[in-house]
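First residue of the sequence shown: 100, per this note's numbering; consecutive thereafter. We put the CB at the ideal spot given by N, CA and C, even for glycine. All figures in this text were calculated on a predicted structure; none of them were measured in a lab. Working notes, beginning with the structure itself.
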Amino acid sequence: MKRKIAMLLIFIGILVVGYLNIDNKELHRIIKQNNIFLNSDKKIEVKQTKNKNEKAVMANKYVFPKEEPVRAVPSNHKYLVKVKINQQKVDVYEDEYKIRTMKCSTGLSGENSSTPLGHFKINGYYGQYFYSSKYNEGARYWVGFINGKYLFHSIPTEQDGDVIASEAKKIGNRASHGCVRLSIKDAYWFYETIPQGSEVIIEK
Numbered sequence: 100m101k102r103k104i105a106m107l108l109i110f111i112g113i114l115v116v117g118y119l120n121i122d123n124k125e126l127h128r129i130i131k132q133n134n135i136f137l138n139s140d141k142k143i144e145v146k147q148t149k150n151k152n153e154k155a156v157m158a159n160k161y162v163f164p165k166e167e168p169v170r171a172v173p174s175n176h177k178y179l180v181k182v183k184i185n186q187q188k189v190d191v192y193e194d195e196y197k198i199r200t201m202k203c204s205t206g207l208s209g210e211n212s213s214t215p216l217g218h219f220k221i222n223g224y225y226g227q228y229f230y231s232s233k234y235n236e237g238a239r240y241w242v243g244f245i246n247g248k249y250l251f252h253s254i255p256t257e258q259d260g261d262v263i264a265s266e267a268k269k270i271g272n273r274a275s276h277g278c279v280r281l282s283i284k285d286a287y288w289f290y291e292t293i294p295q296g297s298e299v300i301i302e303k
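Here it is in structure tokens:
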């Protein structure tokens, strides 16, 4: 009963805020803080005035799962990862059957940033997060395929772990410093599915 009364008071407060013409940012803060969702024009206005980067992130579902991934372990299944640079996509095969196709971002053209072509193996380097002060970028769910230098990993993040929306939108185009970027969902799946020793083929 007390909760209902409290919610009613909050609702009345929001109506008063609207009457006093408090700006949308403050209204959004009150709604978010109290977990209230209103079917009103004000709600729509608030959504339309969100930070552009936040809109881009949310529209593309760049949200990290709450559950931590479990690293894949070797099994009787044979996995093959094919990276096609000209198409900016990754095909994954399990026992010769294609099980997943993912958009990616490989390295930019250039001696120090292109993704190497050839045959490799997924190695024992992996982790759930890293940050490079050299590039001012980090990433989640990373798995190595050439020592610790070249990785499959998520779209880039800031040092605090927040997604860099401008980089996230580059998936499907060359954008990295040589690693193979995947969407958050795909990087999470890759981390949990592709074990050490799996074959990697990178071709044009």
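- Inter-residue distance for T214 and T205 is about 6 Å (C-alpha atoms, whole angstroms).
- Check the Cα spacing between K220 and each of P173, Y240, K202, D259: the tightest is with P173.
- V242 is the residue among V242, G271, E291, K202 whose C-alpha sits nearest the C-alpha of G226.
- Rounded to whole angstroms, L179 and D285 show a C-alpha spacing of 16 Å.
- Less than 8 Å divides the Cβ of G247 from the Cβ of Y224.
- Partner residues in the beta bridge of V242, as assigned by DSSP, are Y225, F251.
- A direct Cα-Cα distance of roughly 12 Å separates A267 from R273.
- The C-beta of S253 has 16 or more other C-beta atoms within 10 Å across all chains shown, which makes the residue buried.
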